[in-house]
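*Asks:*
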Amino acid sequence: MTIDWSRERILILAPHPDDETLGCGGLMRRAKDMGAEVYIQFMTVGDTADNSARGLSTADERCGEVKEVAEFFGWDGWDFAFPGDRYHLKLDTVSRFELANAIERNSPLSVAELQPTTVIAPHRTSYNQDHQVTAEAVHTALRPSNNRLRHHPRLVLAYEEAADQWRYDATPPPNFFVELTEAQLDAKIKAMHLYGTQTHEHPHTRSDLTLRSLAALRGMHAGVSFAEAYHMMRWLA
């Protein structure tokens, strides 16, 4: 079954700028090409030790990269829920209630405000604490209830990143695949280049070769040339 992305309003939860592209860059390109609405809720941003020339990028520099990526993909909106060094890489110090409340109703791109048809979040098996608590907060925000009382997105997915495999316990196999053309995969890699402070040469989990190799592997799993893989948490058909 192929989803008609042109009818979808997609909300992607990204702990930090670049996570949405690493996990969903191909899907975003495909969906936007078909006419979907795509919104990005970043959880936090701050000064970061990274691969930039001075080994450090500021929050303002990273926000500048976001603007370039937003224009490249044609996002319909984006927002930061908890900006600043007080929260960046410290989301595990924020209460689950506060995180879930921001996602559910207390932000410009909340589920209640946006009424998305599809929500895509990081996988809970990431080693990164900001990813873990974001994933758990999404689970809470999208808890089952009467859909007349709280909006229920019909499709809920968790995206993967290559670094998610750094775990003691096994990451569950993906069960939802989005086929990508080579042009859509190239667009994902080009978007990562716009995050110049975050890209790395191979061998690294954010290198061009890693992104292309993972897409080829997931494509092979689905019998196509390239794909992105997800873990499906809800699909109301």
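Residue numbers (our numbering): 151 to 387.
Glycine included, each C-beta is placed from N, C-alpha and C at the ideal position.
Bear in mind the structure is a predicted one, so any value in this text is a computation, not a measurement.
#1: Classify ASN325 as buried or exposed, calling it buried when 16 or more other Cβ atoms lie within 10 Å of its own Cβ.
#2: Can you tell me whether DSSP reads LEU364 as helix, strand or coil?
#3: Indicate the three-state DSSP secondary structure (helix, strand or coil) for TRP155 in the structure shown.
#4: What is the DSSP secondary structure of ARG384, reduced to helix, strand or coil?
#5: Does the Cβ of PRO323 have 16 or more other Cβ atoms within 10 Å, making it buried, or fewer, making it exposed?
#6: Based on Cα-Cα distance, which residue from GLU211, VAL283 and LYS217 lies nearest to ASP242?
#7: Could you give the residue range of the alpha helix (DSSP H) that holds GLN279?
#8: Can you check DSSP and say which residues form a bridge with ALA379?
#9: Got a sec? Which residues, its chain only, sit under 7 angstroms from GLY227 by beta carbon, not counting five neighbours each side?
#10: According to the neighbour-count rule (16 or more other Cβ atoms, all chains shown, within 10 Å of its Cβ), is PHE247 buried or exposed?
#11: With the cut-off set at 8 angstroms, would you say LEU161 and VAL269 are in Cβ contact?
*Replies:* From the atom records:
#1: exposed
#2: helix
#3: helix
#4: ARG384: strand per DSSP, three-state reduction.
#5: exposed
#6: VAL283
#7: 279-291
#8: DSSP lists PHE327 as partners of ALA379.
#9: TYR189 and LEU259
#10: exposed
#11: yes
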